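These notes are about the structure you will find just below.
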Amino acid sequence: MNEFFKKQVIIFFLFFTAFCSQAEAVFPEDGQMSPSKLYPGQMTEVLIYSSGPGDFPDDVQVDLGEGITISSIGPDSPFGFGGTIKASIVISDTATLGYRDMTLSSLAEGETKVITNAIEIVEKSSFPITFDTKSIDVFLKTGEPFAVALSDFDGDNDLDIAAGGSGNVALFKNTGNGDFEFFTTLKAGNGDPSSIAFGDFNGDKRKDIAFLIPGDPEEIKGYLSIFYGIKKGKFNEKPKQFRPGYDSVSLATGDFNNDKVDDIVVANQGLTEVGHIKGNLAIYFGKKKQQSFLKKTIETGKYPESVVVGDFNNDGNEDIACSAYNGDSIFTLLGKGNKEFQKKESFGFGYIGAIQVQLVKGDFNNDNKLDLVESVEASGSHFFLAFFLGNGKGKFQTEFHYEYEDARLITSGDFDNDGKQDLAVNMENFSILKGNNDLTFSGPYTFGGDPITGAAGDLNGDGYLDLVTANYNKGYISILINTTMKP
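If you're matching positions, the sequence shown starts at 2 in this note's numbering and goes up one per residue.
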């Protein structure tokens, strides 16, 4: 079956003080269900379009769709906080959205329901709506998600979502079947979180959230922020902040000293006072029962860009691999399990001047040894996927690279449960490269969208990996529910 995923849910961010009233959409007769007009009302960059089939006459009448889910987040919602109803009508001229209440007249599951006091919008609040995008997609160009992460932060055994953008980290709870409801927004600070990860950084068995804010031009140095969990699903209102050094671009988590407390590695970029390239990895060792870290800095000499953690020499200790921006190398630090690392080793594929590199780990030739794959944008608009095969002892062999018109790695995973690692990539559209276990791939299988990053996990408990992607330039995140044919 060619189609791996159904793009089932889109959640979007809304940070504004204006309100909408009496919104209508006019759909052109082009079979694409894309409105030519959206009027009237006071709106903040609202775009509505449909990805489903249909021929809508230009008669300024509300047309019908199937499988729509309307979600509300207000405390007085008749559906419960963040509840949903199934509806046949997408938008009507009686819809009013304001600060205190909302009236929405719609045909829901065969009968008309009037919803009041469903949504309360206040300044800088988040307003999520989920629906099946076979019928319609909605997104707002306010609040640009830059990073996503998955974890069960409320302890109900379902993966939840954290998404960073516009100085905030928005949290969404999994309702148990792959549908999500807005939970809360954490104030991240000035700047967009460039990388997010979950972990237990103080050994209290609660999930904490770590994220990076890149360097401010005036302050030079970026910072690492931690929201510590105080109970299931609850976090400190203000984050603890640490200065990794220079421009902090990516992070990963692992237990590098085997004390059962998660640690953090941060890739930092910068320049010396005379303009020479300077880079380092800042490693933060978590402490039990404390909201602090022991910091260790390892100089890299080049701009570190994308960092991953894994056991690359099969000794039971977690290691670090990092790609270099504007260079041709990857370097590894093999952990000793005691806050120390073996001497840094570098390797690459010999293409000087490579930029925008992203590193992903996985076993791509089915030998039970972790490999690495790197997406590279080289000079002259050349794009590569370069593979480095691990030998299970911490060494890597440069195998070969694929050249694509445009290919940026998102993540890896076995998305069809055939025992072979696949790749999720952005090739001008979100796509899957289906692995064959011999460093060849079938596809690409394309699903649309323009993500810059993503995370994989089983969101609905069916045993298949689903995907959450951040579409930075579009202003929304996509939740892709895996619909691969089950055996």
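Just so you know, even glycine gets a beta-carbon here, dropped at the ideal spot from N, CA and C. Here the structure is a predicted model, which is why all the values come from computation and not from measurement.
Secondary structure at residue 270: strand, using DSSP grouped into helix, strand and coil. Judged by DSSP in its simplified three-state form, residue 188 adopts strand.
For residue 392, the closest alpha carbon among the candidates 372, 377 and 304 is that of 372.
Secondary structure at residue 146: strand, using DSSP grouped into helix, strand and coil. Annotation for residue 304: the continuous beta strand (DSSP E) segment containing it runs 304 to 311.
Following the DSSP letters along the chain, one finds residue 408 in no beta strand (DSSP E), marked with neither H nor E. Contact between residue 330 and residue 307 is absent: CB atoms are separated by about 12 angstroms, not below the 8 angstroms threshold. In the displayed model, residue 440 falls within coil according to three-state DSSP, outside both helix and strand.
A direct Cα-to-Cα measurement between residue 303 and residue 296 gives close to 20 angstroms.
By the C-beta criterion, the region 165 to 182 is judged not to be in contact with the region 427 to 441, since fewer than 3 inter-stretch pairs fall below 8 angstroms. Taking the Cα positions, residue 412 is about 26 angstroms away from residue 207. In this structure residue 197 touches residue 212 by the C-beta definition: roughly 4 angstroms separates them, less than 8 angstroms. For residue 281, same chain residues with a beta-carbon under 7 angstroms away, outside a window of 5 residues either side, are 246, 269, 298, 299, 300 and 301 in chain order. In this structure, the alpha-carbon of residue 415 lies about 30 angstroms from that of residue 337.
Taken atom to atom, the span from the alpha-carbon of residue 162 to that of residue 451 is near 19 angstroms. With contacts defined as CB atoms closer than 8 angstroms, residue 226 and residue 253 fail to qualify as a contacting pair. A straight line joining the alpha-carbon of residue 460 with that of residue 361 spans about 21 angstroms. Collapsing the DSSP output to three states places residue 262 in coil. Between residue 425 and residue 455 a beta carbon distance of about 6 angstroms is seen, short of the 8 angstroms cut, so the two are scored as contacting.
Of the residues assessed, residue 422 falls on the buried side of the cut-off, its CB having 16 or more other CB atoms within 10 angstroms.
Within the same chain, Cβ atoms closer than 8 angstroms to the Cβ of residue 147 are found at 165, 166, 193, 194, 195, 453, 454, 471 and 473, the five residues on either side in sequence being excluded.
Straight-line spacing of the CA atoms in residue 405 and residue 385 works out to 6 angstroms. For residue 249, the enclosing beta strand (DSSP E) stretches over residues 248 to 255.
Rounded to whole angstroms, residue 390 and residue 239 show a C-alpha spacing of 43 angstroms.
By the neighbour-count criterion, in which 16 or more other beta carbons inside 10 Å mark a residue as buried, residue 443 falls on the exposed side. CA-to-CA, the gap between residue 410 and residue 343 works out to about 28 angstroms.
Annotation for residue 454: the continuous beta strand (DSSP E) segment containing it runs 454 to 458. Less than 8 angstroms divides the Cβ of residue 267 from the Cβ of residue 283. Taking 8 angstroms as the cut-off, the beta carbon of residue 292 is found closer than this to the beta carbon of residue 229. Secondary structure at residue 398: strand, using DSSP grouped into helix, strand and coil.
Annotated three-state conformation of residue 293 is coil, per DSSP. Contact between residue 333 and residue 322 holds: CB atoms are separated by about 5 angstroms, below the 8 angstroms threshold. Following the DSSP letters along the chain, one finds residue 326 inside the beta strand (DSSP E) bounded by residues 320 to 326. Shown here, residue 182 sits in a strand according to DSSP, grouped into three states.
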